[in-house]
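In full-length UniProt numbering, the protein residues as written are 1 to 352. Every residue, glycine too, gets a C-beta built ideally from N, C-alpha and C.
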Amino acid sequence: MEQETQTPHKRRVRYKGKYPRKFEEKYKELNPEKYKDTIEHVISKGNTPAGMHISIMVNEILDFLKIQPGETGFDATLGYGGHTKAMMECLHGEGHMYATDVDPEESTKTRKRLAEQGFGEDILTVKLQNFCTIDEIAKEAGGFDFILADLGVSSMQIDNPKRGFSFRADGPLDLRLNQEKGISAAERLDKISRDELAGMLYENSDEPYCEEIAKAITDEIRKGNRVDTTTKLREIIEETLDFLPEKEKKDTVRKTCQRVFQALRIDVNREFEVLYEFMEKLPDALKPGGRVAILTFHSGEDKLVKKALKAGYKAGIYSDYAKDVVRPSAQECAQNGRARSTKMRWAIKAEY
């Protein structure tokens, strides 16, 4: 429980018991593997431990890919390496996995973690580049028997306030998957017009209050107040939606924050452009009879993937594709709340 007290200068929140720990203090400097009991307890509550990512739909992916020893595979988004490890285990030491990731910080940790678990360079090649370069990697590998593209952002990135992906914790409004390249979301907002921002919010996340939020953000910036932290952006959204009835305000603000942050993340990382390029190059990267599974997490991604796979099927490139999406089980959604929005689509390259 908490008690609120007021001072003449600022509002303070006083907690009974321990203060909430900072992200850096959780699980002993983000090394969760050493604290198995703590991790199991957190996961049993349906939460994701700090510094970790729980892979989604592993069984469904493996059931479809039907990986055999000696095959060559590609994981488009290495992340925490859970999917990659599961696929490599199916190879039984024969064959090879390639994986890409644009996050230099997390990919270095994952490469080291997997090597310590017995998956070194003899079976795994990790490349610090975007997965839309799949054509270059396929040429080097000689084509792929199986491909996985998990289009979600890893929990390690979402949970770390320094990355700016979450509105729930204060941090710089960055949102880049690779903080060494491009411009941050804050820098993007510095120069964006009201109409362009409204269009971005609508196109990238179907935001119903796109016009009102775009006006509020650009008005604030015109006053000389940069929107450069996650808290500032959240507060603008809260103030913009203050007209809503109390009974629906909290839930609407939360969902709107999720959509606005999503729209900015998609924009600064050029996610739709990257995905479109990947889907164009995908057929040539697969060997005849090769299989691809793709996990999507919002309607924009899913529509793009569905359209590309359907077009490939009609053109005879794919012998079969997912007419309907595969969803995670109710049990998985209960254990991992971040699985709820997941959709899996798949296709099989024609044998010719």
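For Gly-300, the uninterrupted alpha helix (DSSP H) run begins and ends at 299–314, by DSSP.
Put simply, the backbone Cα of Lys-314 is about 43 Å away from that of Leu-173.
If the five residues before and after Asp-302 are omitted, its C-beta is found closer than 7 Å to the C-beta atoms of Thr-296 and Lys-343, all from its own chain and listed in chain order.
Look at the beta carbons and you see the region 281–293 not touching the region 327–334: under three pairs across the two are nearer than 8 Å. For the pair Ala-149 and Ala-86, the CB atoms are not nearer than the 8 Å cut-off. Residue range 318–321 is occupied by the beta strand (DSSP E) that includes Ser-319. With respect to the 8 Å criterion, Gly-312 and Glu-351 are not classified as neighbours on the basis of their beta carbons. Under a 10 Å Cβ-count criterion, Gly-182 is classified as exposed, with fewer than 16 other Cβ atoms of the shown protein chains found around its own Cβ. Residue range 271–285 is occupied by the alpha helix (DSSP H) that includes Leu-275.
Using a 10 angstroms sphere on the CB of Pro-328, the tally of other CB atoms reaches 16 or more, which defines it as buried. Taking Leu-175 as the centre and dropping the five residues before and after it, the same chain places the C-beta of Arg-163, Gly-164, Phe-165, Ser-184, Ala-185, Phe-261, Leu-264, Arg-265, Val-268 and Asn-269 closer than 8 Å to its C-beta, in chain order. Secondary structure note for Tyr-202: its alpha helix (DSSP H) is the uninterrupted segment 194–205.
If you compare the alpha carbons of Ile-348, Thr-72, Ala-322 and Glu-60 with that of Lys-139, the shortest gap goes to Thr-72. Between the region 121–135 and the region 92–106 there are three or more C-beta pairs closer than 8 Å, enough to call the two in contact. Inside the region 115–197, DSSP marks whole beta strand (DSSP E) runs of 3 or more residues at positions 124–127 and 144–150, from first to last along the chain. Asn-59 is classed as exposed because its beta carbon has fewer than 16 other beta carbons within 10 Å across all chains shown.
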